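Following: one structure in structure tokens, then a few remarks.
Okay, here's the thing in structure tokens:
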């Protein structure tokens, strides 16, 4: 029974994510979610209490996507800077393809219209990028002028700026190419003994020897 | 009479900008704007027809801020790359200090909840940055690997990413320092014969010999 309740919760969450992503928070009603999921409105309220709590659950599911992805990249036997660049491509693909990630991002952008406190993004990414840059520094991969404590913030801003702009110009399909362009600009500054084009070409592909299950596989 | 109607329109626009910036589009009513401006709701409707049209007017006033600022920087007798960096600091200060610019940015972020098509940002900035980078290329200021057609997009994304993140983390007061940090990361890649720290230190200040009137001066 536990498993079945969990499956119901998940199918409601995914239906909600589809609608929030398409129509936004204000444009989505509990009865829309009921209709798309094939469950009653009563079931939606039973599992999530309110539309606010459902939005919170989608944003939390968005955040829950990252630890596993980060861990998989942490454990790869590659230079730290290359793991960082690879991780960024994996995150960009999740933003392009994963409905829960996309819906969470849209809800977060609309946070001021949602009567529920959502978790704060960026802080965790700044810490993760700083950690990888510190490893790169220890390994002698970084140019001398690079300061991980300072530059991790700029790297995260540049990365999320791509999302803001590509969302605005409705060219999210170009996100992965735009990310490659961004690294071709950043890496000549970051890298000691730079080979930006080689690193970007390698990092766009999957992790060597990694589980190739795409993020969000199993989601409808 | 023309001048007085114009003054009324402007004072309504500024009252609306204050409220849109503080409370967002959904949280602001025509009667709030009437109250703050000391004019009747009838006057608001007479001059702007609807809350949607008032939001559109604020966003258009935001956009109208830039041509003059760009022109002032174009005419400075400085290397093109330094004009670009100076322009970015002027824009960042406008985002920090100018209520119409801030309100326009917030309304634009909330565009999916506003029943009126707003002008698209970023496109004009990408063209402006590309133009300045092309000048810098002609002057031999750019490193050989830099491609203005490609990299102008990344520079604009990185710049606006700062705004997204600083708005989220509520540290917009840190925007100018964060912009300096961003340039310290980007310039070693962009510049031929780099002196990033010197350029950033000079560019944070006003244009040499320029009119020092801050953007938004004369606004309440």
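Residue numbers (full-length UniProt numbering), protein chains in the order written: chain G, 1 to 220; chain Z, 1 to 220. No residue lacks a Cβ here, since even glycine has one placed at the ideal position from N, Cα and C. Here the structure is a predicted model, which is why all the values come from computation and not from measurement.
For residue i, which three-state DSSP category applies?
i              : result
residue 69(Z)  : helix
residue 135(Z) : helix
residue 191(G) : strand
residue 98(G)  : coil
residue 24(G)  : coil
residue 1(G)   : Because the pLDDT at residue 1(G) is just 49, under 50, the model does not fix this residue reliably, and the value given afterwards should be weighed accordingly. DSSP places residue 1(G) in coil when its eight states are reduced to three.
residue 113(Z) : helix
residue 170(Z) : coil
residue 122(Z) : coil
residue 87(Z)  : helix
residue 182(Z) : helix
residue 207(Z) : coil
residue 11(G)  : helix
residue 19(G)  : helix
residue 220(G) : Note that residue 220(G) has pLDDT 47, beneath the 50 cutoff, so the model's placement of it is unreliable and the number below is only indicative. Three-state result, residue 220(G): coil.
Excluding the 5 residues preceding and the 5 following residue i in the sequence, name in chain order all residues of the same chain whose CB lies nearer than 6 angstroms to its CB.
i              : result
residue 136(Z) : 80, 81, 142
residue 76(G)  : 83, 207
residue 6(Z)   : none
Go to residue i, then tell me how far its alpha helix (DSSP H) extends in each direction, as first and last residue.
i              : result
residue 143(G) : Premise fails: residue 143(G) is in no alpha helix (DSSP H) and is neither H nor E.
residue 45(Z)  : 41-48
residue 35(G)  : 30-37
residue 202(Z) : 196-203
residue 76(G)  : Residue 76(G) -> no alpha helix (DSSP H), and no H or E assigned at all.
residue 56(Z)  : 51-64
Between the Cα of residue i and those of the options, spot the shortest distance and give me the residue it belongs to.
i              : options                        : result
residue 112(Z) : 27(G), 5(G), 7(G)              : 27(G)
residue 91(Z)  : 184(Z), 168(Z), 156(Z), 22(Z)  : 156(Z)
residue 183(Z) : 192(G), 197(G), 153(G), 174(G) : 153(G)
residue 167(G) : 47(Z), 110(Z), 64(Z)           : 110(Z)
residue 56(G)  : 66(G), 119(G), 69(G), 98(G)    : 119(G)
residue 39(Z)  : 29(Z), 12(Z), 65(Z)            : 12(Z)
residue 181(G) : 169(G), 201(G), 44(G)          : 201(G)
residue 21(G)  : 70(G), 99(G), 76(G)            : 99(G)
residue 47(Z)  : 101(Z), 4(Z), 163(Z)           : 4(Z)
residue 87(G)  : 70(G), 8(G), 15(G), 117(G)     : 70(G)
residue 63(G)  : 101(G), 77(G), 165(G), 17(G)   : 101(G)
residue 128(Z) : 114(Z), 151(Z), 146(Z)         : 151(Z)
residue 145(G) : 197(Z), 179(Z), 161(Z), 193(Z) : 197(Z)
residue 65(Z)  : 125(Z), 205(Z), 29(Z)          : 125(Z)
Measure how close the beta-carbons of residue i and residue j come, nearest whole angstrom, since I'm counting them as under 8 angstroms.
i              : j              : result
residue 58(G)  : residue 107(G) : 6 angstroms
residue 95(G)  : residue 103(G) : Residue 95(G) to residue 103(G), Cβ: 11 angstroms. No contact.
residue 72(G)  : residue 186(G) : Actually they are not in contact, since the Cβ atoms of residue 72(G) and residue 186(G) sit about 23 angstroms apart, beyond 8 angstroms.
residue 49(Z)  : residue 164(G) : No, residue 49(Z) and residue 164(G) are not in contact; Cβ-Cβ is about 30 angstroms, not under 8 angstroms.
residue 169(Z) : residue 122(G) : 6 angstroms
residue 189(Z) : residue 188(G) : 4 angstroms
Please return the same chain residues whose Cβ sits closer than 7 angstroms to the Cβ of residue i, not counting the five positions on each side in sequence.
i              : result
residue 139(Z) : 79, 80
residue 32(G)  : 19
residue 148(G) : 130, 133, 134, 137
residue 203(Z) : 82, 85, 86, 89
residue 34(G)  : 40, 41, 44
residue 36(G)  : 15, 18, 19
residue 61(G)  : 13, 100, 104
residue 114(Z) : 25, 52, 55, 107
residue 9(G)   : 47
residue 205(G) : none
Only counting the same chain, and skipping five residues up and downstream in sequence, which positions put a Cβ closer than 8 angstroms to that of residue i?
i              : result
residue 191(Z) : 81, 141, 142, 143, 199
residue 173(G) : 96
residue 158(Z) : 182, 186
residue 116(G) : 52, 53, 55, 56
residue 162(Z) : 92, 175, 178, 179, 182
residue 74(Z)  : 83
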